[in-house]
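In UniProt numbering, the protein residues as written are 1 to 80.
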Amino acid sequence: MARELPPREEPRPVVERYAVGDWVAPLPGRGHDDYPAGRVERAEDSPGLDNDQVVMVQAGGDGMPYLLKGSELYRVKPPR
């Protein structure tokens, strides 16, 4: 009798890690398009989110901070 191989696991994409002070913006098309770019105020690893990060972003200027997963963000250049 032939042995069946287990289903092949797809490699998970490497999630970019963010540090305090990095400038980020939400990835388009993920439901967070209304959030502006901002500076990372806090970033913590979260094993419960498939080793993703929870990132608190302070919107540019004096905007309200918001939380997103690190995999939903990308780096941007800081405003001049």
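Don't be surprised by glycine CBs; every beta carbon is placed ideally from N, CA and C.
Endpoints, beta strand (DSSP E) assigned at residue i
| i | result |
| --- | --- |
| Tyr66 | Pro65 to Lys69 |
| Ala25 | Trp23 to Pro26 |
| Tyr74 | Leu73 to Arg75 |
Cut-off 8 angstroms between Cβ atoms - residues of its own chain near residue i, not counting five sequence neighbours on either side
| i | result |
| --- | --- |
| Glu72 | Pro26, Leu27, Arg30 and His32 |
| Pro65 | Gly38, Glu41, Met56, Val57, Gln58 and Ala59 |
Spatial neighbours of residue i in its chain, beta-carbon cut-off 6 angstroms, leaving aside the 5 residues before and after
| i | result |
| --- | --- |
| Trp23 | Arg39, Val76 and Pro78 |
| Ala59 | Pro36 and Gly38 |
Residue i, buried or exposed, once every other Cβ within 10 Å from all chains shown has been counted against 16
| i | result |
| --- | --- |
| Ala19 | exposed |
| Gly21 | exposed |
| residue 83 | Beyond the ends of the chain as shown, which are 1 and 80, falls residue 83; an answer cannot be given. |
| Gly63 | exposed |
| Gly48 | exposed |
| Leu68 | buried |
Residue-level contact to chain D via CB, residue i, 8 angstroms cutoff
| i | result |
| --- | --- |
| Arg17 | Note that chain D does not occur in the displayed structure, where there is just one protein chain. |
Where in the segment 28–68 do unbroken runs of the beta strand (DSSP E), each at least 3 residues long, occur, reported from the N-terminal end onward?
38–46 and 52–59
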